[in-house]
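Take a look at the structure set out below.
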Ligand SMILES: Nc1ncnc2c1ncn2[C@@H]1O[C@H](COP(=O)(O)OP(=O)(O)OP(=O)(O)O)[C@@H](O)[C@H]1O
Ligand SMILES: [Mg+2]
């Protein structure tokens with residue numbers, strides 16, 4: 001007996017706790033001597049375990065507030081890798097694949113990428129859209145594992161504890177209307193994925209590489225890990241055997257229409273003679289729905305629940321995911337749509353925030369670009385209206401600054417101000433030449449002042465779920481202070 005060294009799970013670095021089960025401990029199963037001694041699990045100090053797991057998730061949360069629950073879900077899935085690494089051979093804790101649902105452009109893909117970076121494990125991301133069943137034109141599902149192998153620089157050991165993100169997972173849902181037709185890109189792909197995500201020995205054939213794997217297992221100085229790869233010889237091809245049982249799979253997708261399936265299911269339960277009568281004002285505040293979903297307000301606190309958070313396996317099956325697949329993804333987590341407040345933060349706060357990018361772009365031509373707070377809110381509001389999440393921000397900013405980018409370089413324009421009325425497209429961006437720096441600053445501050453006095457809370461998040469815009473009275477206030 002001994003610690004299994006060869007099965008470091010994908011989330012080993014996550015270090016949530018030794019069992020990966022949130023410190024609840026596990027009931028010993030199987031052999032009596034194990035039962036008497038309890039599970040042979042090498043434990044880390046409790047506090048440290050939980051802190052480490054939380055810390056990892058907290059880092060991801062910085063991407064945006066709405067990612068909190070999504071991050072926790074993924075943290076849960078990844079935390080179990082620790083169990084796989086530390087538990088003795090008798091007790092094998094398996095990984096829990098994760099499904100992350102959420103509207104488009106809210107940062108699902110970004111969150112998974114960030115997690116993989118933090119965890120420092122090989123990571124590959126594949127789109128599900130080009131996948132087809134083996135033998136048909138398109139990409140084989142094995143390609144996802146192949147990409148992971150490339151990310152691990154063909155180090156099979158490392159790749160076996162990596163993370164594979166299958167993006168746009170909802171696009172391989174089984175269409176409802178295809179009866180009697182072989183579905184090679186939907187159901188066929190899901191079936192092909194079954195074995196891989198559960199754990200199988202997959203043989204990947206690759207062209208012979210120039211660089212051999214960087215880390216060769218100790219004790220075998222010049223030879224590959226046993227069973228890990230072998231040369232078929234002759235044609236310059238190489239077959240690599242990889243075990244996928246400890247690779248963590250994260251599925252992400254917008255699942256458009258799933259919310260309707262969920263609300264229909266919940267609503268159908270509220271009809272009939274014994275049903276509670278509820279108003280149509282909203283799903284979130286309905287205690288009937290909360291209790292139906294197995295949650296109570298005391299558990300969820302003051303947080304409102306969106307429909308996607310109440311997703312159940314039956315809903316995913318109705319959406320077109322085959323039951324065998326649903327059963328293999330035990331952790332489902334969702335990401336909420338971004339509110340106006342959050343969009344303002346996405347616009348300004350990240351290291352490579354869109355606003356900073358444009359400021360830098362103008363700076364290269366010696367032009368100073370400034371947005372007032374009210375203008376930022378207007379941009380966020382327009383992006384929200386587009387329904388494409390944070391992606392809409394770039395479209396809005398691009399539209400606003402398109403002309404300025406063309407007109408200002410190489411001219412006497414030295415400052416550009418975007419006020420709320422510019423952001424509303426009521427007027428063109430305000431240009432100022434070298435000598436007008438003071439006026440530029442004054443106008444900027446006047447609008448900031450007007451904004452702050454109109455809405456003292458301005459600029460601070462209004463709280464979860466509150467996407468209301470502030471009180472916009474800038475034009476009037478500007479007139480009052482002698483501008484505009
Ligand atoms: N919470 C966020 N914090 C910072 N940037 C974000 C956030 N959400 C989205 N973005 C920005 O929006 C872009 C799109 O996000 P991402 O690709 O993660 O969306 P998605 O949820 O995967 O959408 P889709 O379902 O359409 O694939 C990112 O590149 C990032 O710049
Ligand atoms: Mg995505």
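Residue numbers (full-length UniProt numbering): 1 to 484.
C-beta atoms are modelled at their ideal positions from N, C-alpha and C, and glycine is treated no differently.
As the structure is a computational prediction, the values presented were derived from the model and not from experiment.
Using the Cα positions of residue i and residue j, report the straight-line distance between them to the nearest angstrom.
| i | j | result |
| --- | --- | --- |
| residue 187 | residue 174 | 5 Å |
| residue 323 | residue 141 | 19 Å |
| residue 200 | residue 308 | 31 Å |
| residue 384 | residue 124 | 30 Å |
| residue 92 | residue 246 | 11 Å |
| residue 372 | residue 396 | 15 Å |
| residue 106 | residue 255 | 13 Å |
| residue 389 | residue 244 | 34 Å |
| residue 278 | residue 391 | Unreliable positioning characterises residue 278 in this predicted model, as indicated by a pLDDT of 47, which lies under 50. A coordinate reading is not provided. |
| residue 339 | residue 449 | 24 Å |
| residue 239 | residue 154 | 11 Å |
| residue 242 | residue 191 | 19 Å |
| residue 312 | residue 253 | 15 Å |
| residue 196 | residue 344 | 41 Å |
| residue 152 | residue 426 | 52 Å |
| residue 144 | residue 326 | 19 Å |
| residue 428 | residue 261 | 45 Å |
| residue 446 | residue 111 | 38 Å |
| residue 414 | residue 108 | 39 Å |
| residue 377 | residue 185 | 42 Å |
| residue 346 | residue 103 | 16 Å |
| residue 416 | residue 317 | 53 Å |
| residue 386 | residue 370 | 24 Å |
So, with DSSP's three-state summary, where would you put residue i?
| i | result |
| --- | --- |
| residue 338 | coil |
| residue 358 | helix |
| residue 133 | coil |
| residue 237 | strand |
| residue 105 | coil |
| residue 127 | strand |
| residue 190 | helix |
| residue 368 | strand |
| residue 412 | coil |
| residue 201 | strand |
| residue 433 | strand |
| residue 176 | coil |
| residue 392 | helix |
| residue 328 | coil |
| residue 138 | coil |
| residue 402 | helix |
| residue 98 | strand |
| residue 321 | coil |
| residue 451 | helix |
| residue 169 | helix |
| residue 207 | strand |
| residue 251 | strand |
| residue 120 | coil |
| residue 150 | helix |
| residue 333 | strand |
| residue 91 | coil |
Does residue i pass the burial test, meaning 16 or more other C-beta atoms within 10 Å, or should it be called exposed?
| i | result |
| --- | --- |
| residue 250 | buried |
| residue 203 | exposed |
| residue 306 | buried |
| residue 435 | exposed |
| residue 411 | exposed |
| residue 419 | buried |
| residue 363 | exposed |
| residue 159 | buried |
| residue 336 | buried |
| residue 398 | exposed |
| residue 137 | exposed |
| residue 319 | buried |
Check whether chain D comes within 8 Å of residue i, counting only Cβ atoms and requiring the distance to be less than that.
| i | result |
| --- | --- |
| residue 123 | Going by chain labels, chain D is absent from the structure shown, which holds only one protein chain. |
Around ligand 2, which residues pass a check of Cβ closer than 6 Å to any of its heavy atoms?
Near ligand 2, meaning a beta-carbon closer than 6 Å to one of its heavy atoms, we find 108, 109, 167, 252.
Would you be able to state if there are at least three C-beta pairs under 8 Å between the stretch 96–112 and the stretch 324–340?
Judged by Cβ distances under 8 Å, the stretch 324–340 makes contact with the stretch 96–112, as three or more pairs qualify.
Determine contact between the stretch 402–414 and the stretch 445–456, defined as no fewer than three beta-carbon pairs at a distance below 8 Å.
Between the stretch 402–414 and the stretch 445–456, the count of Cβ pairs shorter than 8 Å is below three; the stretches do not touch.
Would the stretch 260–270 count as touching the stretch 119–136 if we require 3 or more Cβ pairs under 8 Å?
Not touching, per the Cβ criterion.
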